[in-house]
Amino acid sequence: MDLPPPVLFEPSRHQAMVDQLAAIHRRNTGNLLTRRERNSGHNQNNQKWSERSEQVTKGAREIIVQFTDPTQSEVAGFVSLDMPFSETGPFRGMVEKMLVSPRHRYKGVARRVMAELERVAIERGRTVLFLDTVVVSGAELVYPKLGYKLVGGIPKYGIHPTTRELVDEMFFYKDLREVQPLQ
């Protein structure tokens with residue numbers, strides 16, 4: 001499958017995609033919620049993505065979206081770069097919500113959106129990237145392959161999606177001033 005290049009989410013152009021972003025988020029994390037939370041959480045999740053869309057408008061966040069085709073009708077995956085204001089670390093960025101639709105896994109979507117995120121981060125002056133993920137997500141195996149260094153972990157920091165037991169959280173970083181960004 002030939003994918004078009006990833007694009008920056010533009011609220012004025014892609015607002016209709018917020019539902020797809022929220023749906024992929026739910027599909028990737030739905031097991032973390034109880035049935036009651038899932039039923040009441042649908043609108044809450046969409047609201048969170050609407051808020052993230054507003055943050056893009058304000059310049060505090062970028063969302064990189066990988067569509068399945070040039071018509072931009074279906075989202076294959078995405079990642080978010082949070083750029084909070086900081087007097088002591090204006091060069092830092094938080095990688096958040098790197099999610100790929102289950103239908104489009106193992107097609108290079110994660111690498112593509114992360115490469116674009118790194119390009120955008122450099123462009124925005126955010127050269128030290130930081131992220132975290134729960135150990136059972138599988139993402140803890142992906143980030144080292146993308147050049148992210150493990151900083152450490154916090155035991156029993158998150159909740160396992162099916163057993164509801166506490167699980168470890170892993171923290172990673174990548175300093176784009178010292179290494180080549182993904183291509």
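To convert, note that position 182 of the sequence shown is 182 in UniProt numbering; the numbers rise steadily by one, no gaps.
We put the CB at the ideal spot given by N, CA and C, even for glycine.
Contact between Val134 and Glu169 holds: their C-beta atoms lie close to 6 Å from each other, under 8 Å. A residue is called buried when at least 16 other Cβ atoms come within 10 angstroms of its Cβ; Val179 does not meet this threshold and is exposed. With respect to the C-alpha of Ala139, the residue from Lys156, Arg111, Val120 and Thr127 having the closest C-alpha is Arg111. Take Lys149, set aside five residues on each side of it, and the residues of its chain with a beta-carbon closer than 8 Å to its own are Phe172, Tyr173 and Lys174, in chain order. Spatial neighbours of Asp132 in its own chain (CB-CB distance under 6 Å, excluding positions within 5 residues in sequence) are listed in chain order as Glu169 and Phe171.
For Ser137, the three-state secondary structure derived from DSSP is helix.
A straight line joining the alpha-carbon of Val128 with that of Val7 spans about 22 Å. With a minimum length of 3 residues, the unbroken runs of beta strand (DSSP E) contained wholly in the stretch 74 to 113 fall at 75 to 82 and 92 to 100.
Take Leu166, set aside five residues on each side of it, and the residues of its chain with a beta-carbon closer than 6 Å to its own are Lys156, in chain order. Under a 10 Å Cβ-count criterion, Ile64 is classified as buried, with 16 or more other Cβ atoms of the shown protein chains found around its own Cβ.
Per DSSP, Asp19 lies in no beta strand (DSSP E); the unbroken alpha helix (DSSP H) holding it starts and ends at Val18 to Thr29.
When Cβ pairs closer than 8 Å are counted between the two stretches, the stretch 91 to 101 is seen to touch the stretch 14 to 31, the count reaching three or more. The C-beta of Phe130 has 16 or more other C-beta atoms within 10 Å across all chains shown, which makes the residue buried. For Glu123, the three-state secondary structure derived from DSSP is helix. Annotation for Arg177: no beta strand (DSSP E) segment contains it, and DSSP assigns it neither H nor E.
A contact between stretches requires three or more CB pairs, one per stretch, nearer than 8 Å, and the stretch 82 to 91 meets this requirement with the stretch 48 to 66. With respect to the C-alpha of Ser53, the residue from Ser12, Glu87 and Ala23 having the closest C-alpha is Ser12.
In this chain, the beta strand (DSSP E) harbouring Pro155 covers Lys149 to Ile159. Per the coordinates, the alpha-carbon of Ile159 lies some 30 Å from the alpha-carbon of Phe9.
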